[in-house]
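Down below is the structure, laid out as structure tokens.
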Amino acid sequence: MKLSFLIKTHRPKLRRRYLLGIVGLIAIGTYLFSLPKAFFHDPESTVLLDKNGELLGARIAEDGQWRFPEIKKVPDKFASAIVLFEDKRFYSHPGVDLLAMGRALRLNFQKGKIVSGGSTISMQVIRLARKGKPRTVWEKVVEVWLATRMELSYSKPEILAMYASHAPFGGNIVGLEAAAWKYFSRSPENLSWSESAMLAVLPNAPGLIHPGKNRNLLLQKRNQLLDRLVEKGKLDQNTAFLAKSEPLPEKPTPIPQHIPHLLDYVQKGALADTKHTYTTLDIHLQKEASKRVENHVYGLASKGINNAAAIITEVETGDILAYVGNVSPFQEGAETHSYGVDITQARRSSGSILKPVLYAAMIQSGELLPEMLVPDIPSQYGGYTPLNYSLTYDGAIPAWKALARSLNIPTVHLLSRHGVSKFYAELQQCGITTLHRRPQEYGLTLALGGAEVTLVELAAMYAGMARNLKHFSHYKGKYEENAFRPINLWRDKSKGKLNPGEFSGLVNQQALSAAATWFTFEAMLELTRPETDQFWKQYQSSRKIAWKTGTSFGFRDAWAVGLTPEYVVSVWVGNADGEGRPGLIGAQAAAPLMFSLFQMLPDRRQWFQAPLDEMQQIATCRKSGHLAGRFCPEADTSWVQTTIQEQVTCPYHKKILLGKKSGLQVNRDCIDQLEEAITVPWFILPPAWEKYYKRRHPDYLLLPAWTPGCKSEVGDLQMMQWMYPRINSSIYIPVELDGKLGKVVFELAHRQDERTVFWHLDEAFVGQTTGIHKLSLQPNPGDHTLTVVDDLGNSLSREFTILSREAD
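Below you can see the structure in the form of structure tokens.
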């Protein structure tokens, strides 16, 4: 009975304690979990910074506010000013300042209206986050509640940074960083005491900044704050005096726009994160490069050339130091001339800018030596007839010189030997991703402009080549696995590292070897520089620059790429809409700008070291550039790649028999009858080459005539060579303008033009030629054999196929 009585007596007390406990737990839980994960969800401005944090440009936020991303740390000057002005006990209170709140209640009671809220900076952060809720007693309670809770989760510097990032600073300017740039054109870290004090008083009364409105009151508030800073020992009297003498800004200034095209690229969603985007750019190089590009285009405008783009890349890191997507879109004629188009990302016809890659690839494979003669003669490949820009022919020319002069016909000949599919794969291995068709569709135009490339990938490819060669000795003959990687534009500021292209290990081989690259760069040094730079070698201080230009078909694109061990400068000039202009030539329109940009860069007067581990010294024929054969009378000791193939032994020096007295040719059948013969090595090019080569080289010795009574040994020496048709050609005969079927012009080269040549089609005589050996015929569709016989008895045949119109 007693126990039951006690339980009944104490049950109401236990129930009350139980309920109070539950309420307490709910209150504590509500308090602990009342803080949102993020206080602010406002759209932010797109902001680009250079590698040192300097502002390159920004775009206004979607809601029309200049609201930069949150800063992580408030500069000391502004922190001192804002704390003293807004919340002097900020670093000591728990989120609410009871003394300040009591003072505010007393003032409000005395004035009969609300003149002070007593809010701390922490409470103001809550009010800013709650988007202007009405100033009621309940709202003040909520602010106190959340402010004290926020103090448990965030440090004082973090809370101060949130306030500085979201406080209003007049008009559509939100946050300290946007205000610093809009009012003073500098970052918050570089503000003076006067500027920091002015910005500290603005969030309390942002309307004071407007021109013509209460300017004296704003000046008075700023100066009073400076005096208080002196009282607190934050600055001395002299500094405060000088700070007071600084004028207030008249009105907001424009945000810098040093890289508008990249800003558009980012703003359109190219990056998932629109917070402060740290680039690898150098603001000083960016500003100067933009100015030089605009000045260059201004000089070309009279020729109808209106656009240009340029990229400066650091070889060692792959960093982009300057990125000019086009002429500034904010100038007159922006819509007419497509200044807003970012050309660096656009696919454009490559012109000759890929020729060095073919040259390097063939050296690497051992198919080519730098001095090796390659043909430069009129040529046809199916329906394709390549032409040199000069419309002239050398007959034969050293490979390095063909590259230096950017001759098209030797390039097509080399690509035909090397293979289009092989070269296509090598371009992809070098980082070219814009080849969207099959190799066969590009054909032999792949190295002459048939392919489309972008300026960014072109810069990355040449930077990869330079990096391979530069690091070869350091890596003891090995290569970076990802040497041919995209160039870097973005930097992870928190890690201090580059986002893409970080080092990924070493491998034994790369798409292009160091030796092949070195020989290629040596050839690229020999290009004749434009205008006043033509005699650059005469100046001891002139820097070495390996460079190449390119011009697309129809004069639509002009390219120039130059490189040193430190930098790659890539330039495109033209019209964004693809309009061709007669003066739009790489050497004239793009190269001068490329050299102008190099003048901005430091010159360490260094050059690449020859990668001797991938090279060997060997005897080469002085005249042909091939490996010296047994009949080569003059040989040089040359450095060549170790991958050289046996088939590049000189085929052009042959042994001939001459009469010792007459100096005429003899053969074995008439030696005894006439006179004693001697064996002489003779430099003999194929007939088609010889025809043009001898015009350029007066020292070229033609074969001596035959001694009377001696007969030429047919087949011992090639007297004739087909220039058209090529082996196994399939020929389509087009219909002429008058509706009649056209004819095919067949061409032959004869070592002795004065000889008469008799032409036979399928064993039927069809004509004869002397001097110029060309003949126009109209064969029927089907397979045919064309045979020529000269008056010495030499003969030559070629099989070909004529396609019907339906077959085409």
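Residue 112 is where the sequence shown starts when you use the numbering used here, and the numbers rise one by one after that. Idealized CB from N, CA, C, for every residue including glycine. This one's a predicted model, so the numbers in the text were calculated from it and none came from an experiment.
Applying the criterion that 16 or more other CB atoms from any shown protein chain within 10 Å of the CB defines a buried residue, is residue i buried or exposed?
i                 : result
histidine 152     : exposed
aspartate 901     : buried
glutamate 910     : exposed
arginine 667      : buried
asparagine 163    : exposed
isoleucine 842    : buried
lysine 466        : buried
leucine 117       : Note that leucine 117 scores 48 on pLDDT, short of 50, meaning its location in the model is unreliable and no value can be drawn from it.
valine 248        : exposed
proline 890       : buried
arginine 716      : exposed
aspartate 810     : exposed
arginine 549      : exposed
asparagine 327    : exposed
valine 408        : buried
glycine 436       : buried
phenylalanine 876 : exposed
glutamine 176     : buried
phenylalanine 664 : exposed
phenylalanine 352 : exposed
serine 439        : buried
What residue range does the beta strand (DSSP E) around residue i cover?
i                : result
valine 679       : 678-685
glutamate 425    : 418-425
arginine 909     : 906-914
serine 749       : 746-752
methionine 726   : 726-732
phenylalanine 82 : As shown, the chain starts at 112 and ends at 919. That puts residue 82 outside it, with no answer to give.
arginine 767     : In the sequence as displayed, the identity of residue 767 is isoleucine instead of arginine. Run containing isoleucine 767: 764-770, per the beta strand (DSSP E) assignment.
alanine 701      : Run containing alanine 701: none; DSSP gives neither H nor E here.
threonine 660    : 657-662
Run through DSSP, which three-state label would residue i get?
i                 : result
phenylalanine 201 : coil
histidine 868     : Correcting the residue type first, residue 868 is valine in the shown sequence and not histidine. Three-state result, valine 868: strand.
leucine 813       : coil
glycine 561       : coil
cysteine 781      : helix
asparagine 839    : coil
tyrosine 590      : strand
aspartate 161     : coil
glutamine 879     : strand
phenylalanine 794 : strand
proline 279       : strand
asparagine 301    : helix
methionine 273    : helix
tryptophan 718    : coil
valine 185        : coil
alanine 149       : coil
glutamine 776     : strand
lysine 343        : coil
arginine 127      : helix
isoleucine 543    : coil
Can you tell me where the alpha helix (DSSP H) holding residue i begins and where it ends?
i              : result
lysine 355     : 348-355
lysine 402     : 394-411
valine 900     : Looking at the DSSP string, valine 900 is not in any alpha helix (DSSP H); the run it does join, the beta strand (DSSP E), is 893-901.
tryptophan 629 : 625-635
leucine 538    : 531-540
aspartate 375  : 371-376
Is the stretch 276-296 in contact with the stretch 259-266, if contact means three or more CB pairs nearer than 8 Å?
They do not touch, by the three-pair rule.
Do the stretch 396-404 and the stretch 421-429 meet, that is, are 3 or more Cβ pairs less than 8 Å apart?
With a cut-off of 8 Å, the stretch 421-429 and the stretch 396-404 count as touching, because enough Cβ pairs lie within range.
What beta strand (DSSP E) runs, 3 residues minimum, are completely inside the stretch 426-512?
Complete beta strand (DSSP E) runs here, min 3: 431-435, 484-487, 506-509.
Does the stretch 804-811 come close enough to the stretch 845-865 that 3 or more CB-CB pairs lie under 8 Å?
Three or more Cβ pairs closer than 8 Å define a contact, and the stretch 845-865 falls short of that threshold against the stretch 804-811.
Is there contact between the stretch 292-312 and the stretch 190-197, where contact requires at least three CB pairs shorter than 8 Å?
With a cut-off of 8 Å, the stretch 190-197 and the stretch 292-312 count as touching, because enough Cβ pairs lie within range.
Can we say the stretch 581-591 touches the stretch 711-730, given the rule of at least three CB pairs closer than 8 Å?
Judged by Cβ distances under 8 Å, the stretch 581-591 makes contact with the stretch 711-730, as three or more pairs qualify.
Does the pairing of the stretch 519-535 with the stretch 482-492 give three or more beta-carbon distances under 8 Å?
Yes, the stretch 519-535 touches the stretch 482-492.
Check whether the stretch 506-514 and the stretch 628-642 are in contact - that is, three or more C-beta pairs closer than 8 Å.
Yes, the stretch 506-514 is in contact with the stretch 628-642.
Count the C-beta pairs between the stretch 363-371 and the stretch 672-691 that are closer than 8 Å, then say yes if the count reaches three, no if not.
No, because fewer than three Cβ pairs between the stretch 363-371 and the stretch 672-691 fall closer than 8 Å, the two stretches do not touch.
Using 8 Å as the cut-off, can you tell me whether the stretch 498-505 makes contact with the stretch 744-760, which would need three or more C-beta pairs spanning the two stretches below that distance?
At 8 Å Cβ cutoff, the stretches do not touch.
Does the contact criterion of 3 or more C-beta pairs under 8 Å hold for the stretch 526-543 versus the stretch 555-574?
As far as the Cβ criterion goes, the stretch 526-543 touches the stretch 555-574, which means the pair count is three or higher.
Evaluate the contact criterion for the stretch 423-440 versus the stretch 590-599: three or more CB pairs, one atom per stretch, below 8 Å.
Verdict: yes, contact present.
Taking one C-beta from the stretch 738-756 and one from the stretch 774-783 each time, how about it: are there three or more such pairs within less than 8 Å?
Taking a cut-off of 8 Å on C-beta distances, the stretch 738-756 does not touch the stretch 774-783, as fewer than three cross pairs fall below it.
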